[in-house]
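Chain order of the listed sequences is A and B.
In short: position in the first sequence from 1, add 82, done, that's my numbering.
In short: position in the second sequence from 1, add 9, done, that's my numbering.
Glycine residues also receive a C-beta, built at the ideal position from the N, C-alpha and C atoms.
Given the structure is predicted, the values throughout are model-derived calculations rather than measurements.
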Amino acid sequence: AQSVTQPDIHITVSEGASLELRCNYSYGATPYLFWYVQSPGQGLQLLLKYFSGDTLVQGIKGFEAEFKRSQSSFNLRKPSVHWSDAAEYFCAVGPMDSSYKLIFGSGTRLLVRP
Amino acid sequence: DAGVTQSPTHLIKTRGQHVTLRCSPISGHKSVSWYQQVLGQGPQFIFQYYEKEERGRGNFPDRFSARQFPNYSSELNVNALLLGDSALYLCASSLALHTTGGNTIYFGEGSWLTVV
């Protein structure tokens, strides 16, 4: 079955520290991969996406993610976290050939210490 | 240009009632998808409509239905509401049907439904 696992429910980092959010997926083939951010009471904003090519993807707000096929992972990273990055982060996978049905992980809530 | 707009933003309904949620996609986008996000979970796919036809359906009961209008706006209808239907309902739009070619999906801010 297709699934996305975000093993960390909560992560707390200090402002200025580096960040890595983990995402593992189970899929029959290489899917399209996404990271979204959701601030409290808000919808989802796309941070970055991977479709093909370079496995290191740059996104908005200084985020990047690396696709590792051998590990079925698509971890999100940021070298220096800002207080405004506190939010919920969702990893998602999407099929390559059918309707736009994204499968989301359960999310990781990021808390930032001053 | 305006993003994906949804209405109402918040509503409270009683068990057994019916609810209609509305969505206007980004101008030029022909595909609209609906997702349900229960508190503490990731969004779950409900429907996708493209060119007014249903193109995908998630694992939701027949109480959930949707339609897309000629102007590409969409409605999500839920009948016989249950307490478990309480959630944030997200609408998303995209230019094309598929995820190919870097086609991006954009989400609205959602409609918060509380069933009491």
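Name the chain B residues that come within less than 9 Å of residue i, Cβ to Cβ?
i	result
A/Phe172	Gly51, Pro52
A/Gly189	Gly49, Gln50, Gly51
So, is the C-beta of residue i closer than 8 Å to a C-beta in chain A?
i	result
B/Thr23	no
B/Gly65	yes
For residue i, does the three-state DSSP call read helix, strand or coil?
i	result
A/Lys143	helix
A/Ser166	helix
A/Ser152	helix
A/Gly176	strand
A/Cys64	No statement about residue 64 of chain A is possible, as the shown extent of chain A runs from 83 to 196 and does not include it.
B/Arg24	coil
A/Ser188	coil
B/Gln15	strand
B/Asn112	coil
A/His92	strand
B/Gln45	strand
B/Val125	coil
A/Thr112	coil
A/Lys160	strand
B/Ser36	coil
B/Leu99	strand
A/Ser85	strand
B/Leu106	coil
A/Ser100	coil
Taking only beta-carbon atoms, is residue i less than 8 Å away from chain B?
i	result
A/Ser154	no
A/Gly98	no
List, in order along the chain, the chain A residues whose C-beta lies closer than 8 Å to that of residue i?
i	result
B/Leu99	Gly125, Leu126
Starting from residue i, find everything on chain B with Cβ-Cβ shorter than 7 Å and list it in chain order.
i	result
A/Lys150	Near A/Lys150 there are no residues of chain B at all, since even the closest Cβ is about 20 Å away, more than 7 Å.
A/Lys143	Ordered by position in chain B, no residue passes the 7 Å Cβ test against A/Lys143, which lies about 16 Å from the chain.
Check the Cβ of residue i against every Cβ in chain A and list those closer than 9 Å, keeping chain order.
i	result
B/Gly119	Gly123, Gln124, Gly125, Leu126
Starting from residue i, find everything on chain A with Cβ-Cβ shorter than 7 Å and list it in chain order.
i	result
B/Phe116	Gly125, Leu126
Within 7 Å: the Cβ of residue i and any heavy atom of the ligand NAP?
i	result
A/Leu126	Among the components of this structure there are no ligands whatsoever, and the ligand NAP is therefore not found.
Runs of beta strand (DSSP E) lying entirely within the region 51-93 of chain B, each at least 3 residues, in chain order = 53-59, 62-66, 73-77, 83-87
Along the region 16-43 of chain B, what residues have a CB closer than 9 Å to any CB found in chain A?
-> Ser40, Ser42
Inside the region 115-142 of chain A only - beta strand (DSSP E) runs reaching at least 3 residues = 127-132, 138-140
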